[in-house]
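Each position in the sequence shown, counted from 1, maps to that position plus 16 in the numbering used here. We treat Cβ as the ideally placed atom computed from N, Cα and C, and that holds for glycine. Okay, so here's the structure we're looking at.
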Amino acid sequence: MIERVKFGLVGYGTGGRVFHAPLIASAENIEFVGVVTTSQERRAQIAEELPGVTAYDSIAALAADGVQAVAISTPAATHAALAHEAIAAGLAVVVDKPFALDAETARKLVTTAEEAGVPLTVYQNRRWDSDLLTIRKLMENGSLGTIRRFESRMERWAPDRLPKDAGGGTLLDFGSHLVDQALQLHGPATRVYAEVHGPDGGLDDDFFLALHHANGVESHLWGSWRQAGPGPRFRVSGTAGTYISALLDCQEDMLKAGKSPAKLGDRWGVEPEHRWGHLFRGATGAPVESCRGRWDTFYPAVASAVLGEGPLPVNPWDSIRAMEILDAARTSATQGTAVTL
């Protein structure tokens, strides 16, 4: 018999409903107990979509029913307070990105969890994007040579749609993924330069961020809701070749279409051939089979860590280092100069 961790979810908006609930429910070593929400609309959705999962009024109520771990998928400004509440209740915690609104808040949260002896991790699911895993494989097998420039984009065309408060603005929302991926591939950054645009009285909707890594790699990162001609998702340039992947990993679309790892099994995260990236050496490029996307491994890894059977999938100190870069990016954009870390 597989030992199962009793798991709860806080929030059932788009993030909780689409990006967390199906993956929690698909993990064999998790018993999905309940969702915290006071919205009657959300409670009706839970009753329809998650048979056997109970709606709760509070984290305390979840804890009282024996839940061991909780994922927090609520507006960004509420993450820290809810995580502190869960830690105080002795629950292991998964916090959606952005981890917090700034590095200092994130640092206090991690320190509190460590002092309490409570596991805390961050939902950096895009570490397991198919294209990022493919890039890592190409780097490891030498197909790209020495990396010189890493370009990464999350750009969309929705000029009439302002970023929602839930994400904290485009720099925090998209930037949390883009910076984390760059640090995972290329190591610490020593210098940050940023340009950030936001409408008067609104959250930022467009940014450019340049990182100089200690190993010499230059990362150029873009995030936007108002880019009419989005660039390729990745372009990675090395001394032996350049890899270009045009499209965003397929797992988001799979979840939005109502699919899940429980339904698809080994077909989960598999990119069809027409979506594969290409490795270029000159004017022509050859397709590279995409690695399978593995968001489905995150929650099983969290449960294993709660049971003392393995490490957390994301070290929260990694997210603090990413938050420090995002803090520096805001300073750079305000001052119009590069910031040394």
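Item, Value
"Ignoring anything shorter than 3 residues or poking outside the stretch 120-184, list the beta strand (DSSP E) runs there in chain order.", "136-139 and 163-171"
"I'd like the span of the beta strand (DSSP E) that includes Y72, first residue to last.", "T70 to Y72"
"Going by C-alpha distance, which of E156, A87 and R172 is nearest L136?", "A87"
"With respect to the alpha helix (DSSP H) encompassing P38, which residues constitute its N-terminal and C-terminal limits?", "A37 to S42"
"Report the residue from R169, Y209 and D216 whose alpha carbon sits nearest the alpha carbon of E193.", "Inspection of the sequence shows that residue 193 is occupied by His rather than by Glu. Out of R169, Y209 and D216, R169 has the C-alpha closest to the C-alpha of H193."
"Since I believe V52 is in contact with I18 (beta carbons under 8 Å), could you give me their beta-carbon distance rounded to a whole number of angstroms?", "Actually they are not in contact, since the Cβ atoms of I18 and V52 sit about 25 Å apart, beyond 8 Å."
"In its own chain, which residues sit with a C-beta less than 7 Å from the C-beta of K272, not counting the 5 before and 5 after it?", "V34"
"Could you tell me which of G32, T30, F48 and A43 sits nearest to K22, measuring between CA atoms?", "F48"
"Name the residue from E130, F190, Q200 and F296 whose alpha carbon lies nearest to the alpha carbon of R337.", "Q200"
"According to DSSP, is A230 part of a helix, a strand, or is it coil?", "coil"
"Shortest alpha-carbon distance to D312 belongs to which of G214, G257, Q267 and P175?", "Q267"
"Are the stretch 217-225 and the stretch 248-265 touching, with three or more C-beta to C-beta distances below 8 Å?", "no"
"Looking at the secondary structure, which residues open and close the alpha helix (DSSP H) in which R59 lies?", "Q56 to E65"
"Closest to T90 by C-alpha separation, out of T30, V134, D73 and E130, would be which residue?", "T30"
"Is the CB-CB distance between A37 and L25 below 8 Å?", "yes"
"Between R165 and H236, which are expected to be in contact by the criterion C-beta below 8 Å, what is the C-beta distance as a whole number of angstroms?", "7 Å"
"Tell me whether the beta-carbon of T162 lies closer than 8 Å to the beta-carbon of G254.", "yes"
"Between V318 and G133, what straight-line distance do the alpha-carbon atoms span, to the nearest angstrom?", "15 Å"
"From V208 to L148, what distance separates their C-alpha atoms?", "22 Å"
"Looking only at DSSP bridge pairs, what is A108 linked to?", "A85"
"May I have the straight-line CA-CA distance separating V109 from L323, to the nearest angstrom?", "13 Å"
"At which residues does the alpha helix (DSSP H) containing D190 begin and terminate?", "Just to set this straight, residue 190 is Phe in the shown sequence, not Asp. Run containing F190: T186 to H202, per the alpha helix (DSSP H) assignment."
"Can you give me the C-alpha to C-alpha distance between E64 and F296, rounded to a whole angstrom?", "48 Å"
"Tell me L25's beta-bridge partners as DSSP assigns them.", "V51 and A87"
"With distance defined between alpha-carbon atoms, name the residue in A92, N157, A104 and G239 nearest to A174.", "G239"
"Taking 8 Å as the cut-off, decide whether the C-beta atoms of Y72 and L66 are in contact.", "no"
"According to the Cβ coordinates, are V195 and P332 closer than 8 Å?", "no"
"Using beta-carbon positions only, say whether A230 and T206 come within less than 8 Å of one another.", "yes"
"Quickly, what does DSSP pair G254 with across the bridge? List them, please.", "I163"
"In this structure, what does DSSP give as the bridge partners for F296?", "T258 and G301"
"When we look at the beta-carbon of T150 and count the other beta-carbons within 10 Å, is it buried (16 or more) or exposed?", "buried"
"Based on the DSSP secondary-structure assignment, which residues constitute the bridge partners of A8?", "The chain is shown only over 17 to 357; residue 8 falls outside these bounds and no answer can be derived."
"So, are the CB atoms of D189 and G183 less than 8 Å apart?", "yes"
"Rounded to the nearest angstrom, what separates R58 and M155 at their Cα positions?", "44 Å"
"Taking A344 as the reference, which of G82, T258, V212 and E131 has the closest Cα?", "V212"
"With which residues is G355 paired in a DSSP beta bridge?", "The residue you asked about is not Gly; residue 355 is Val in the sequence shown. V208."
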